[in-house]
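Residue numbering for the sequence shown follows this note's numbering, beginning at 45 and increasing consecutively.
All C-beta atoms, glycine included, are put in the ideal place defined by N, C-alpha and C.
All values reported here derive from a predicted model rather than from experimental measurement.
Worksheet for the structure shown next.
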Amino acid sequence: MPTQLTVGADGRWMPRVGSIPPSCVHEVFRAVERWADGRAVIRLHVGEPAFRPPRAVHEAVTDALRRGRTTYGPAEGIPELREALAAKLLRRNGHDARADLVFVTPGSSQGLAALFQTVADPGDEVLLPALHWPVHLQQVLLAGLRPVFYPLDDHFRPDLRALADLGGSRARALLVNSPANPSGAVCRPEHLRPLLDLARRRSWQVISDEAYEDFVFEGEHVSLASLERDVPWDERIVSTAFSFSKSYAMTGHRLGYVVVANHRLASAFGLVQEATIVCPQMPVQYGALAALKSDTAVEANREHLRRAAGLLAPLTEAGLLAYLPEGGWYALLEVPAVGLDATAYAQALLEAQGVALAPADGFAIRPEFDEYGRILGVPTDLAASRFLRVALCGDHTVLRRGVERIVEFAAKG
Ligand SMILES: Cc1ncc(COP(=O)(O)O)c(C=O)c1O
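What follows is the structure, encoded as structure tokens:
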């Protein structure tokens with residue numbers, strides 16, 4: 045690809061990164077805070093949970109601080125945490141990875157960003173779901189990769205037939221997110237197996253984002269990498285990102301982990317980590333060790349979300365729910381046919397009822413590039429402007445009130 049300096053509207057040089065679209069999640073958050081200005085708002089636009097980290101996490105972090113465990117450490121994480129994570133991956137996810145393929149990361153976000161840098165080269169294509177967490181797109185663009193968007197079926201799961209027709213010779217990686225943000229869709233083995241077969245046939249690497257692994261409401265979460273346990277190590281293609289933010293409500297602790305597909309990727313990933321983070325935060329890693337012993341907290345948190353999904357019944361009855369979530373922290377509402385797109389509807393709902401939701405078009409940006417790979421524009425997929433994302437992880441009373449007000453607003457037409 046030829047290179048050319050990126051030039052802004054004023055004709056002066058601007059960094060390429062400056063043309064990457066901001067995340068709608070952050071933008072909506074800022075816009076609602078500006079609007080609120082002292083007004084009461086029912087905040088269903090952000091995924092901050094009502095539950096808190098287990099007490100043992102707080103104690104372990106405090107203890108680590110007291111003992112002076114605040115030095116630099118290994119880039120890949122402390123050995124005892126990597127061992128504990130390998131044991132968890134075997135016990136709960138059916139992986140057989142040893143600790144040397146496990147990397148502790150500052151949030152799964154950083155792990156995902158590092159994976160995109162590891163599995164593909166600048167200019168390569170990455171297949172992203174048509175509706176995706178906007179940070180996935182930002183990470184792809186930051187790594188100098190080209191996004192190609194694959195359609196979803198009517199349950200918001202990857203549309204396999206359409207996916208089979210996508211991806212040119214530079215397609216290098218496929219991102220799968222189950223349970224999914226923003227739809228709450230869950231892929232079962234019957235969806236994952238053909239997906240994996242397709243990726244293998246096409247020589248794609250697979251990045252599986254399983255941040256919401258502990259929030260499947262019926263049945264079990266199936267970790268994609270567990271389906272390639274019979275494949276020789278060198279031929280494995282699935283690398284997975286996990287998070288402490290969701291299962292243990294450790295959102296601000298910033299801790300996640302990645303298990304890479306094979307040892308070749310491990311040495312490349314290790315290099316990205318050395319250069320990017322030097323090492324994960326030391327005290328929080330001791331908190332993570334304590335969190336891994338808190339299975340009851342995970343069960344209680346899953347129950348919180350399962351009950352929250354049950355509180356959406358009035359939306360279903362009013363014909364407003366696009367899809368009853370099978371997992372995760374979010375649901376998608378369908379904007380009633382009143383001649384407003386999701387952004388305008390969200391604004392009207394906020395002003396009339398004080399309920400904040402996130403319009404889904406920000407989850408469906410389709411950047412346009414020029415011949416030099418510069419982003420020329422960031423239109424959105426019009427199909428997504430029918431949807432609004434509702435966060436379910438907050439307080440149940442607040443969610444119940446929010447649902448009532450959404451139904452009331454829709455009834456007024
Ligand atoms: C789909 C998805 N993946 C990953 C993350 C990142 O979580 P964290 O960086 O807190 O581990 C989020 C957070 O919202 C998410 O929605």
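In chain order, what residues of the same chain lie with their CB nearer than 7 Å to the CB of Arg101, ignoring the 5 residues before and after it?
Before going further, note that residue 101 is Val rather than Arg in the sequence given. Excluding positions up to five away in sequence, the list reads Tyr292, Met294, Gly331, Ala334, Ala335.
Helix or strand or just coil, what does DSSP make of Leu368?
Here Leu368 sits in coil by DSSP.
How many Å lie between Gly417 and Arg190 at the Cα?
Looking at the two C-alpha atoms, the distance is approximately 8 Å.
Could you work out which residue in Ala269, Leu420, Leu384, Pro93 is closest to Gly372 when comparing CA atoms only?
The shortest Cα separation from Gly372 among Ala269, Leu420, Leu384, Pro93 belongs to Pro93.
For Asn345, I'd like the list of residues in its chain whose CB is within less than 6 Å of its CB, leaving aside the five on either flank, ordered along the chain.
So the qualifying residues of the chain are Phe95.
Range covered by the beta strand (DSSP E) that runs through Gln249
From DSSP, the beta strand (DSSP E) with Gln249 extends over 249 to 253.
Test item: CB-CB of Asp425 and Arg449 under 8 Å:
Contact: no.
Is it the case that the Cβ atoms of Leu159 and Ala285 are separated by a distance below 8 Å?
Here Leu159 is near Ala285, since their CB atoms are less than 8 Å apart.
Taking only heavy atoms of ligand 1 into account, decide whether any of them is closer than 7 Å to the Cβ of Asn345.
Because no heavy atom of ligand 1 lies under 7 Å away, the Cβ of Asn345 does not count as near it: no.
So, are the CB atoms of Tyr374 and Leu436 less than 8 Å apart?
Contact: yes.
Heavy atom of ligand 1 less than 7 Å from the Cβ of Ser152, yes or no?
At least one heavy atom of ligand 1 lies closer than 7 Å to the C-beta of Ser152.
Applying the criterion that 16 or more other CB atoms from any shown protein chain within 10 Å of the CB defines a buried residue, is Asp258 buried or exposed?
Classification of Asp258: buried, given that the 10 Å Cβ count is 16 or more.
Could you name the residues of the same chain whose beta carbon sits closer than 7 Å to that of Thr162, not counting the 5 residues immediately before and after it, in chain order?
Cβ within range, chain order: Leu309, Ala312, Phe313, Val316.
Buried versus exposed call for Pro233 [16 or more other C-beta atoms within 10 Å across all chains shown]:
Exposed.
Does Leu133 pass the burial test, meaning 16 or more other C-beta atoms within 10 Å, or should it be called exposed?
So Leu133 ends up on the buried side.
By the DSSP assignment, the alpha helix (DSSP H) with Ile419 in it spans what residues?
Taken as a continuous stretch (DSSP letters only), Ile419 belongs to no alpha helix (DSSP H), being part of the beta strand (DSSP E) at 419 to 421.
Does the beta-carbon of Ala255, which I'm using as the reference point, lie nearer than 7 Å to any heavy atom of ligand 1?
Checking the Cβ of Ala255 against ligand 1 gives yes.
Within the chosen definition, does the stretch 392 to 405 reach the stretch 237 to 254 through at least 3 CB pairs nearer than 8 Å?
Counting C-beta pairs with one atom in each stretch, the stretch 392 to 405 and the stretch 237 to 254 have fewer than three that are closer than 8 Å, which means they do not touch.
What residue ranges within the stretch 260 to 304 form continuous alpha helix (DSSP H) runs of no fewer than 4 residues, ordered along the chain?
Correct list: 288 to 291.
Measure how close the beta-carbons of Leu196 and Leu239 come, nearest whole angstrom, since I'm counting them as under 8 Å.
Actually they are not in contact, since the Cβ atoms of Leu196 and Leu239 sit about 12 Å apart, beyond 8 Å.
Comparing C-alpha positions only, which one of Leu349, Ala305, Lys456, Ala386 sits nearest to Phe147?
The residue with the shortest Cα to Cα distance from Phe147 is Ala305.
Roughly how many whole angstroms lie between the Cα atoms of Tyr173 and Arg273?
Here residue 173 turns out to be Pro, not Tyr, going by the sequence shown. In this structure, the alpha-carbon of Pro173 lies about 25 Å from that of Arg273.
I'd like to know whether the C-beta atoms of Trp248 and Arg216 end up nearer to each other than 8 Å.
Their beta carbons are under 8 Å apart, which means Trp248 touches Arg216 by this criterion.
Roughly how many angstroms lie between the CA atoms of Leu420 and Ser283, to the nearest whole one?
Answer to the nearest angstrom: the Cα atoms are 32 Å apart.
Within 10 angstroms of its Cβ, does Tyr116 collect 16 or more other Cβ (buried), or is it exposed?
Counting Cβ neighbours within 10 Å, Tyr116 comes out exposed, since fewer than 16 surround it.
Who are the Cβ neighbours of Val399 in its own chain at under 7 Å, not counting the five residues just before and after it?
Hits under 7 Å: Ile86, Leu88, Leu393, Gly446, Arg449, Ile450.
Between the CA atoms of Val76 and Gly82 - distance to the nearest angstrom
The straight-line gap from Cα to Cα measures roughly 11 Å.
Using DSSP's beta-bridge definition, name the partner residues of Leu196.
Its beta-bridge partners are Pro202.
To the nearest angstrom, how far is the alpha carbon of Leu171 from that of Val192?
The alpha-carbon atoms of Leu171 and Val192 are separated by roughly 5 Å.
From this set, Arg246, Gly296, Ala402, which residue's C-alpha is nearest His70's C-alpha?
Residue Ala402 is the option with its Cα nearest to His70.
Which residues does DSSP pair with Arg433 in a beta bridge?
DSSP output for Arg433 lists Leu376, Ala402 as bridge partner(s).
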